[in-house]
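Each remark here refers to the structure printed beneath this line.
2 protein chains.
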Amino acid sequence: MKRNLLLTPGPTKVPPQLCAVLGQPIIHHRTPEFQDNLKTVVQGLKDIIQTKNDVYLLASSGTGGMEAAVVNILSPGDTAIAVDSGKFGERWVDLCRTYQANTIVHKVPWGKAPTAADIKKLLAAHPEAKAVYITLVETSTGVVTDVKSIGEVIKHSKALLVVDAVSGLAVEDLQADAWAVDMVVSGSHKGLMLPPGVAFISASSKAIAMINACPTPRLYFDLREAKKALDKTDTPFTPAIGIIIAMVESLRMIKHRGLQNSFKHFAHLAEGTRAGCKAIGMELFPDPACASIALTAVKVPAGIDGEQLTKAMRDTHGISIAGGQDQLKGKIIRIAHMGAVEESDILVGLECLEKVLQDMGHTFARGASLTAAQKAFNTAAKV
Amino acid sequence: MKRNLLLTPGPTKVPPQLCAVLGQPIIHHRTPEFQDNLKTVVQGLKDIIQTKNDVYLLASSGTGGMEAAVVNILSPGDTAIAVDSGKFGERWVDLCRTYQANTIVHKVPWGKAPTAADIKKLLAAHPEAKAVYITLVETSTGVVTDVKSIGEVIKHSKALLVVDAVSGLAVEDLQADAWAVDMVVSGSHKGLMLPPGVAFISASSKAIAMINACPTPRLYFDLREAKKALDKTDTPFTPAIGIIIAMVESLRMIKHRGLQNSFKHFAHLAEGTRAGCKAIGMELFPDPACASIALTAVKVPAGIDGEQLTKAMRDTHGISIAGGQDQLKGKIIRIAHMGAVEESDILVGLECLEKVLQDMGHTFARGASLTAAQKAFNTAAKV
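Quick note, the sequences are listed as chains A and B, same order. For the first sequence, this note's numbering assigns the number 737 to the initial residue and increments by one for each residue that follows. For the second sequence, this note's numbering assigns the number 737 to the initial residue and increments by one for each residue that follows.
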């Protein structure tokens, strides 16, 4: 009976309550019953995005939602500022360049976050910019962006603030309306604890005006059609029915815990995970000032191959964590605590990490990570 | 305990065997275990498409797959021939026009199929055409296209033959290689008996050469990236993991019955359904010469509102069939027999249809549709 514990930064583990819904026969999408589900989901998504803006649902993974945030706003030659602080920031750059925008790339060293001051300077240098594309949680590095302060410097400009919150939504606080975020893109398979296959995107009135004025050809991701459909509680094309219906329950679970409690819960998990890793000689990779509570990225001890470590945890013990990407390949591991992850999952993950590190010849006090995590869990305010 | 029987032309009913798989926790997609699933699915899809060509998987509904077949082939000003014989043919036209192709629209009256002679003439008039876009089963009218004879007239031209087989794959025979079909687009939620959320598309070497030469900007639906990923048993972006894993079982079920037996099975269901409808005064809508075995579209008796009929069947009796669209609204009903539909489902559907027709004041011999269907089912060769 092989274990299958996902501590990966997406997809995240699907809890039994949601598996039960996913295993039910689907209903047709052109029915009042499905419309009730759609209405509940759209309202639930507005609640977690903390917005009164429209939220459109797309049958795609997160990148499809990101593409929608580009093809509906930019046309060739338009200026866009894209923040690249890791793999997902790179995706904004790729999208902006693919659609022939004049792409101003703001490179941030891996492990650091862009600052509001940086964005202010860039906007002053490029007042014609139509949008600034940022990433809420850069999972490749474990960094969270200070969206609030960036919102402050963008809100009086003509540019939209577009946030990739595929990772981080319902995990890190993101107050779209209060922080002047024009578009939030996210998906079903991280904070929402469901399989991948649904993306969603919010749009402020400022964004909608730009969407309506944008001449870039698009059909599947055309948010003008998504808006028309939403106004009739519909989707322009066949939606990912199964996942949307399960999202009713996922959003109910999140609401039941409460958003503020969720943020505390993930901070609590992060604290325990980091204490555990530190106790066996694994230091946090990102600058602690901008380390996200959605995942813990830590450096692999000297002499240990991070790729081999994650492979052994997965193939021998059935616990999936993530390794490093690109220049971090083999050098860090990433343990996610998003979605349905609980204290016990972290303890199981750390125990396995110790086992494999020991097998690989790393020297440390066996049990130290568990003791440290347990202590942190018991000290920190519980949710 | 409200019944929920889908006799709609997509989504179709999800059988219990597939619900069971859909209700299992997902695994991560960057694992050897998922790669095994992906390999099996790609091979299974090749088998039902009857091709040795590449098959790419996309996380989208069918329209996303159709968009991929346009943005990877056409650039602005390129000539494309789009056959419009109903709502799904219209979608090819919309896509070609959206992406600024010189779109030659071949309008076919609703209920009729395009002929090879028509296409031959069009190709002679537009030898520069890069592609001919057709629809295997036009569900809005219940018509199947003779892909084989159209393939004959296209194969020696420079144009690609692109078939929307979202409806009809694994229901109607479609021999992609033998009939010289360059691209077949389909999805998870019709013949494959799964929820919507996965599209897939095959590409011949002639298609791949055009994909590689096409300068149209695209990222999410970029088939060059899909090919690179497929060659490493991967997908360029996060796949719809849950549905893909369930597709292993869906394809196994189809293989177990055998493709040829499936075609016979659906012909058999069509025969019974049509006999049943005829017995209570409902004539086939499409030209019988091109009526698809994927669904039965029949005219509603004079004085009966088809919209009200389908609504009553669904809301009062829990049986979903489809009404007519556009000019056929209220005038026809459509009973699908794709995917997991069995004789008993058709009998239950006809019984309900009789009940509602009687309530609506239609005069006919009560029980006549059941007797006729039963007779046809028992006469026709059983699978």
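We put the beta carbon where it would ideally sit given N, CA and C, even for glycine. Values in this document were obtained by computation on a predicted structure and should not be read as measured data.
Original post:
Hey, is N740 (chain B)'s beta-carbon within less than 8 Å of any beta-carbon in chain A?
Top reply: In terms of beta-carbon proximity, N740 (chain B) lines the interface with chain A, with at least one pair separated by less than 8 Å.
Subject >> Candidates B:I1016, B:S876, B:A901, B:D913: closest to G1132 (chain B) by CA position >> reply: Because residue 1132 (chain B) is not part of the residues shown, which for chain B are 737 to 1119, the question remains open.
Original post:
What span of residues does the alpha helix (DSSP H) with R1010 (chain B) cover, start to end?
Top reply: 995-1015 is the span of the alpha helix (DSSP H), which, as asked, contains R1010 (chain B).
Original post:
My guess is that H1098 (chain B) and P1037 (chain B) are in contact by the Cβ rule of under 8 Å, so how many angstroms apart are they, rounded?
Top reply: About 5 Å separates the two Cβ atoms, so the contact holds.
**OP:** Could you work out which residues of chain A lie near K749 (chain B), taking near to mean beta carbons separated by less than 9 Å?
**Re:** Residues of chain A passing the Cβ test: P761, I762.
**OP:** Could you name the residues that DSSP lists as bridge partners for Y869 (chain A)?
**Re:** DSSP, once it has assigned bridges, lists A:A818, A:V898 as partnering Y869 (chain A).
**OP:** Determine the extent of the alpha helix (DSSP H) in which D970 (chain A) is found, giving its start and end residues.
**Re:** Per DSSP, D970 (chain A) belongs to no alpha helix (DSSP H) and is neither H nor E.
Subject >> 9 Å Cβ cut-off: residues of chain B touching C950 (chain A) >> reply: Residues of chain B passing the Cβ test: none, with the nearest at roughly 13 Å.
Subject >> Run of the beta strand (DSSP E) containing G923 (chain A), from where it starts to where it stops >> reply: Judged by DSSP secondary structure, G923 (chain A) falls within the beta strand (DSSP E) whose first and last residues are 919-923.
Original post:
In chain A, which residues lie less than 8 Å from E803 (chain B) when you measure between Cβ atoms?
Top reply: Those are L955, Y956, listed as they occur along chain A.
Original post:
Cβ of A795 (chain B) within 8 Å of Cβ of V921 (chain B)?
Top reply: For the 8 Å CB-CB criterion, A795 (chain B) and V921 (chain B) do not form a contact.
Original post:
T851 (chain B): which of B:K964, B:G887, B:K926 sits nearest, CA to CA?
Top reply: Out of B:K964, B:G887, B:K926, B:G887 has the C-alpha closest to the C-alpha of T851 (chain B).
**OP:** Could you work out which residue in B:E1007, B:A861, B:E1087, B:D1041 is closest to H1073 (chain B) when comparing CA atoms only?
**Re:** Ranked by Cα distance from H1073 (chain B), the first of B:E1007, B:A861, B:E1087, B:D1041 is B:E1007.
Original post:
What are the complete beta strand (DSSP E) segments, minimum 3 residues, inside the region 1075-1115 of chain A?
Top reply: List check, beta strand (DSSP E) in window: nothing returned.
Subject >> Which of helix, strand or coil DSSP assigns to F936 (chain A) >> reply: Look at F936 (chain A) here: in three-state DSSP terms it is strand.
Original post:
Residues of chain B with a CB under 7 Å from the CB of R1050 (chain A): which are they?
Top reply: Counting only Cβ-Cβ distances below 7 Å, R1050 (chain A) has contacts in chain B at T767, in chain order.
Original post:
In chain order, what residues of the same chain lie with their CB nearer than 7 Å to the CB of S754 (chain B), ignoring the 5 residues before and after it?
Top reply: According to the sequence as given, residue 754 (chain B) is Leu; it is not Ser. Shown here for L754 (chain B): same chain residues with a beta carbon closer than 7 Å to its own, the five before and five after excluded, namely M929, L930, A982, E985, S986 in chain order.
**OP:** List the residues of chain B whose Cβ lies closer than 9 Å to the Cβ of H1147 (chain A), in chain order.
**Re:** Here chain A comprises residues numbered 737 to 1119, so residue 1147 (chain A) is not present and cannot be evaluated.
Original post:
Does the Cβ of E908 (chain B) have 16 or more other Cβ atoms within 10 Å, making it buried, or fewer, making it exposed?
Top reply: Looking at its Cβ environment, which holds 16 or more other Cβ atoms inside 10 Å, E908 (chain B) is buried.
Subject >> Length of the line joining the Cα atoms of Q771 (chain A) and G1075 (chain A) >> reply: Take the alpha-carbon of Q771 (chain A) and the one of G1075 (chain A): they are about 26 Å apart.
**OP:** Determine, using beta carbons only, whether L1031 (chain A) and I1071 (chain A) come nearer to each other than 8 Å.
**Re:** Closer than 8 Å, so yes.
**OP:** Check whether the region 968-979 of chain B touches the region 1043-1057 of chain B, taking contact to mean three or more Cβ pairs, one atom from each stretch, closer than 8 Å.
**Re:** Too few Cβ pairs lie closer than 8 Å, so no.
Subject >> Three-state secondary structure (DSSP) of S876 (chain B) >> reply: S876 (chain B): coil per DSSP, three-state reduction.
Original post:
Anyone know if the C-beta pair for T787 (chain B) and S938 (chain B) falls short of 8 Å?
Top reply: Contact annotation: T787 (chain B) and S938 (chain B) have beta-carbon atoms nearer than 8 Å.
Original post:
Among A:L966, A:T877, A:S876, A:L872, which one has its Cα closest to the Cα of S885 (chain A)?
Top reply: Comparing C-alpha distances from S885 (chain A) to each of A:L966, A:T877, A:S876, A:L872 shows the shortest one belongs to A:L872.
Original post:
Roughly how many angstroms separate the alpha carbons of A865 (chain A) and L810 (chain A), rounded to a whole number?
Top reply: Across the structure, A865 (chain A) and L810 (chain A) are spaced so that their CA atoms are roughly 10 Å apart.
Subject >> Alpha carbon of K1091 (chain A) to alpha carbon of T744 (chain A), nearest angstrom >> reply: A direct Cα-to-Cα measurement between K1091 (chain A) and T744 (chain A) gives close to 19 Å.
Original post:
What are the residues that DSSP puts in a beta bridge with H842 (chain B)?
Top reply: Per DSSP, the beta-bridge partners of H842 (chain B) are B:V819.
Subject >> Buried or exposed (CB count within 10 angstroms, at least 16 for buried), N948 (chain B) >> reply: Counting Cβ neighbours within 10 Å, N948 (chain B) comes out exposed, since fewer than 16 surround it.
Subject >> Beta-carbon proximity list for R1120 (chain B), same chain, < 7 Å, skipping 5 on both sides >> reply: Since the displayed chain B opens at 737 and closes at 1119, residue 1120 (chain B) lies outside it and no answer follows.
Original post:
Thinking C-alpha only, which one of A:V777, A:L1106, A:D854 is nearest I990 (chain A)?
Top reply: For I990 (chain A), the closest C-alpha among the options A:V777, A:L1106, A:D854 is that of A:V777.
Subject >> From A:K1047, A:G1066, A:V879, residue whose alpha carbon lies closest to that of K823 (chain A) >> reply: The option with the nearest alpha carbon to K823 (chain A) is A:V879.
Subject >> Exposure of H1127 (chain B), with buried meaning 16 or more beta-carbon neighbours within 10 Å >> reply: Residue coverage of chain B in this structure runs from 737 to 1119, which leaves residue 1127 (chain B) outside it and unanswerable.
**OP:** Using only alpha-carbon positions, find the residue among B:L955, B:H925, B:F999 that is nearest to I763 (chain A).
**Re:** In terms of CA proximity to I763 (chain A), B:H925 leads the group B:L955, B:H925, B:F999.
**OP:** Classify V791 (chain B) as helix, strand or coil using the three-state DSSP reduction.
**Re:** Residue state, collapsed to three classes: strand.
Original post:
Would a check of beta-carbon distances place L758 (chain B) closer than 8 Å to chain A?
Top reply: It does: the Cβ of L758 (chain B) has a partner Cβ on chain A nearer than 8 Å.
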